[in-house]
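The block underneath contains the structure these notes are about, expressed in structure tokens.
This is the structure we're talking about:
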């Protein structure tokens, strides 16, 4: 019998127009933070989708996904929707659990609203959390 | 075609920018590096962070429209591909910030965008919200590399209609112009 394949963590360093992405395969703690207005989001997020698809093949995971974005463009907004769809499917098929922590600056009503809209559209559990600092 | 042959006066240019209260004009490749610089200069200006971010969103969506859809393209060594060129200007009045963009387009593409723009301009905020979410769910159209929901986002962030103009130019092309505005104070379009 083959042993369980241990997945590598995923890390992508931030730049001014791309977020920091940090996925811990062992703890199930995934996070994405910063700004995202890359011109070619399909290309930029491709490795993210590859990693996630692989990660979600294994049942029994308890995923906590932190979104701590200060700005993202509409192209990125589509990629986020696709990420949520993957996660929602994982949860709905009973393979595991997913919690989204959606952080926003207290004054940023637009970012809060974006989180509310994603929550309604995906059926995932969103914690909308104002940043204290 | 050099600037000196056209007797270009940077003073005249400066004066015209002042007359129209334009603080920033960029022409050429709308790269994300350029957008990053614009972001830094915008964040320094409006007192309100939310307004600044809305203004920046207008710039990004208009600039990336140009990058993906302009009929005039240049080779970007950094991107290793042809990218669209155009012009983006940021200005202000007493009550609003304004972003204007322009690029050469095929007439049929400009006409398509104009119809899309007419449609979203007559939606109320709730309808816009629904339309945005509905469009985000749809697969992207053939040949589209951007989000395809940029114009909806602009009208939502702006809180008012997006005006456009289509000017016929040489070679059966048109110059497609957008002007988006955002209120300087947090307006009641978001409850």
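Chains as they are written, first to last, in my numbering: chain A, 1 to 133; chain B, 1 to 191. Built from N, CA and C at the ideal position, the CB exists for glycine as well.
- Task: Could you list which residues in chain B have their beta carbon closer than 8 angstroms to that of residue 81 of chain A, in chain order?
- Result: Taking the first chain and counting its residues from 1, one reaches residue 81 of chain A at position 81. By Cβ distance, chain B contributes 136 and 137.
- Task: Mind listing the chain B neighbours of residue 74 of chain A? Cutoff is C-beta to C-beta under 7 angstroms, in chain order.
- Result: Working through the first chain from its first residue, we reach residue 74 of chain A at position 74. Ordered by position in chain B, the residues that pass the 7 angstroms Cβ test against residue 74 of chain A are 61, 147, 149, 150 and 153.
- Query: Going straight from the alpha carbon of residue 44 of chain A to that of residue 71 of chain B, what length do you get?
  - Reply: By one-based count along the first chain, residue 44 of chain A stands at place 44. By one-based count along the second chain, residue 71 of chain B stands at place 71. Roughly 25 angstroms separates the two Cα atoms.
- Message: Counting only Cβ pairs nearer than 7 angstroms, list the residues of chain A close to residue 32 of chain B.
- Response: In the second chain, the residue the question calls residue 32 of chain B occupies position 32. The contacting residues are 17, 37, 38 and 39.
- Item | Neighbour-count burial assignment, residue 77 of chain B, 16 or more Cβ in a 10 Å radius | Reading the second chain from its first residue, position 77 is the one you call residue 77 of chain B. With fewer than 16 other Cβ atoms within 10 Å, it is exposed.
- Message: Need the endpoints of the alpha helix (DSSP H) that residue 182 of chain B sits in, please.
- Response: The count along the second chain starts at 1 and reaches residue 182 of chain B at position 182. Where residue 182 of chain B is concerned, there is no enclosing alpha helix (DSSP H), although the beta strand (DSSP E) it sits in stretches over 174-183.
- Within 10 angstroms of the Cβ of residue 147 of chain B, are there 16 or more other Cβ atoms? Answer buried if so, exposed if not. Translated into positions along the second chain, residue 147 of chain B becomes position 147. With a pLDDT of 46 at residue 147 of chain B, under the threshold of 50, the modelled position of this residue cannot be trusted; read the value that follows with caution. Under this definition residue 147 of chain B is a buried residue.
- Any chain B beta carbon closer than 8 angstroms to residue 109 of chain A: Numbered from its first residue, the first chain carries residue 109 of chain A at position 109. By this cut-off, residue 109 of chain A is an interface position.
- Message: At a CB distance below 9 angstroms, what residues from the segment 87-117 of chain A approach chain B? Give them in sequence order.
- Response: 105, 107, 108, 109, 110, 111, 113 and 117
- What are the residues that DSSP puts in a beta bridge with residue 99 of chain A? For the purposes of this step, residue 99 of chain A is taken as the residue at position 99 of the first chain. BP columns for residue 99 of chain A point to A:64 and A:125.
- Determine, using beta carbons only, whether residue 78 of chain A comes closer than 8 angstroms to chain B. Working through the first chain from its first residue, we reach residue 78 of chain A at position 78. Taking Cβ atoms only, chain B reaches closer than 8 angstroms to residue 78 of chain A, which makes this a yes.
- Item | Assigned exposure category for residue 65 of chain B - 16 Cβ within 10 Å defines buried | Indexing the second chain from 1 puts residue 65 of chain B at position 65. So residue 65 of chain B counts as buried.
- Do we get a CB-CB distance below 8 angstroms when we pair residue 160 of chain B with the residues of chain A? On the second chain, position 160 is the one that residue 160 of chain B refers to. Not an interface residue.
- For residue 42 of chain B, I'd like the list of residues in its chain whose CB is within less than 8 angstroms of its CB, leaving aside the five on either flank, ordered along the chain. In the second chain, counting from the first residue as 1, residue 42 of chain B sits at position 42. So the qualifying residues of the chain are 52, 55, 56, 59 and 90.
- Task: Rank B:10, B:157, B:138 and B:107 by C-alpha distance to the C-alpha of residue 125 of chain B and give the top, closest one.
- Result: Mapped onto the second chain, residue 125 of chain B falls at position 125. Looking at the Cα atoms, B:157 is the closest of the given residues.
- Item | Span separating the alpha-carbon of residue 165 of chain B from that of residue 173 of chain B | Along the second chain, read from residue 1 onward, the residue named residue 165 of chain B stands at position 165. Along the second chain, read from residue 1 onward, the residue named residue 173 of chain B stands at position 173. For residue 165 of chain B and residue 173 of chain B, the distance between alpha carbons rounds to 13 angstroms.
- Item | Chain-ordered neighbours of residue 45 of chain A on chain B, where CB pairs are closer than 8 angstroms | Taking the first residue of the first chain as position 1, residue 45 of chain A is located at position 45. Correct list: empty, because the minimum Cβ distance to chain B is about 12 angstroms.
- Message: Tell me the rounded alpha-carbon separation between residue 73 of chain A and residue 127 of chain A.
- Response: Translated into positions along the first chain, residue 73 of chain A becomes position 73. Translated into positions along the first chain, residue 127 of chain A becomes position 127. Their backbone Cα atoms lie some 22 angstroms apart in a straight line.
- Output, in chain order, the set of chain A residues within a Cβ distance shorter than 9 angstroms of residue 64 of chain B. Walking along the second chain from the start, residue 64 of chain B turns up at place 64. Under the 9 angstroms cutoff, chain A gives 37, 39, 73, 74 and 75.
- Whose C-beta lies closer than 8 angstroms to the C-beta of residue 37 of chain B among residues of the same chain, with five residues either side of it excluded? The residue given as residue 37 of chain B occupies position 37 in the second chain. Contacts found: none.
- Straight-line Cα distance separating residue 134 of chain B from residue 98 of chain A: In the first chain, counting from the first residue as 1, residue 98 of chain A sits at position 98. In the second chain, counting from the first residue as 1, residue 134 of chain B sits at position 134. Straight-line Cα distance between these residues: approximately 24 angstroms.
- How about the segment 114-128 of chain B and the segment 17-35 of chain B: do they share at least three Cβ pairs that are nearer than 8 angstroms? no
- Query: Which ranges does the beta strand (DSSP E) cover as unbroken runs of at least 3 residues, wholly within the segment 14-94 of chain A, from first to last along the chain?
  - Reply: 20-23, 29-36 and 62-72
- Item | Nonlocal neighbours in the same chain, by C-beta distance under 6 angstroms from residue 12 of chain A, ignoring five residues either side | Within the first chain, residue 12 of chain A is the residue found at index 12, counting from 1. Contacts found: 21.
- Message: Using the Cβ count rule (16 or more neighbours within 10 Å means buried), how would you classify residue 95 of chain B?
- Response: Here residue 95 of chain B refers to the residue found at position 95 of the second chain. Burial call: exposed.
- Task: Give the DSSP-derived three-state secondary structure of residue 134 of chain B in the structure shown.
- Result: Position 134 of the second chain holds residue 134 of chain B. If DSSP states are grouped into helix, strand and coil, residue 134 of chain B belongs with the helices.
- Message: Using beta carbons (cut-off 8 angstroms, strictly below), is residue 50 of chain B in contact with chain A?
- Response: Translated into positions along the second chain, residue 50 of chain B becomes position 50. Output row for residue 50 of chain B: interface = yes.
- Query: Just checking my contact of residue 104 of chain B with residue 177 of chain B at CB under 8 angstroms: how many whole Å lie between their CB atoms?
  - Reply: Your numbering for residue 104 of chain B matches position 104 in the second chain. Your numbering for residue 177 of chain B matches position 177 in the second chain. Not confirmed; about 11 angstroms, so no contact.
- Task: Inspect the CB distances between the segment 57-69 of chain A and the segment 83-102 of chain A and report whether three or more fall short of 8 angstroms.
- Result: yes
- Look at the alpha carbon of residue 139 of chain B and the alpha carbon of residue 15 of chain B, and state the distance between them as a whole number of angstroms. The count along the second chain starts at 1 and reaches residue 139 of chain B at position 139. The count along the second chain starts at 1 and reaches residue 15 of chain B at position 15. Between residue 139 of chain B and residue 15 of chain B, the C-alpha separation is close to 46 angstroms.
- Taking Cβ positions, are residue 88 of chain B and residue 74 of chain B nearer each other than 8 angstroms? The residue labelled residue 88 of chain B in the question sits at position 88 within the second chain. The residue labelled residue 74 of chain B in the question sits at position 74 within the second chain. In this structure, residue 74 of chain B does not lie closer than 8 angstroms to residue 88 of chain B by Cβ.
- Evaluate residue 108 of chain A with the Cβ neighbour count: other Cβ atoms within 10 Å of its Cβ, from every protein chain shown; 16 or more gives buried, anything less gives exposed. Numbered from its first residue, the first chain carries residue 108 of chain A at position 108. It counts as buried.
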